[in-house]
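Presented below is the structure to which this report refers.
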Amino acid sequence: MIDHEENALLEAYLYFNYGSKTIDQMSEEIGKSHSAIKMAIHREKSKGFLKKNEKEHARMLLNEKKEEIQVLQSTIKFYQSVCKEFALLSEVVLKQVNSQ
2 MIDHEENALL EAYLYFNYGS KTIDQMSEEI GKSHSAIKMA IHREKSKGFL
52 KKNEKEHARM LLNEKKEEIQ VLQSTIKFYQ SVCKEFALLS EVVLKQVNSQ
């Protein structure tokens, strides 16, 4: 019996090879039963193919996260500079109001 973890690996295999398709979608698309697809995936998995793609996928996700972090850091720097400008302008306005 295939457990949930194995199903997740099977879904990952389909994702790596056929885009983000589920076993149901692949079954419908190629006209093969779920068990036939799962057996084919298990054959590929036993060859070590899935492990290689899992590493590539993990590396891709890591690079995406690094890019997201860079964007967020740039956004933070921008807002920090805007806050500093606002603080300076607030001081100028307060001085003008107090001097009147």
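Numbering-wise, the sequence shown is residues 2 to 101 according to the numbering used here. Glycine is no exception: its CB is placed at the ideal position from the N, C-alpha and C atoms.
Quick one: what does DSSP say E65 is sitting in, helix, strand or coil?
helix
Would you identify the three-state DSSP class for K39, choosing helix, strand or coil?
helix
Would K39 be called buried (16 or more neighbouring beta carbons within 10 Å of its own) or exposed?
buried
Cα separation between E92 and L73?
29 Å
By Cβ distance, which residues of its chain are closer than 7 Å to K85, with the 5 residues on each side in sequence left out?
none
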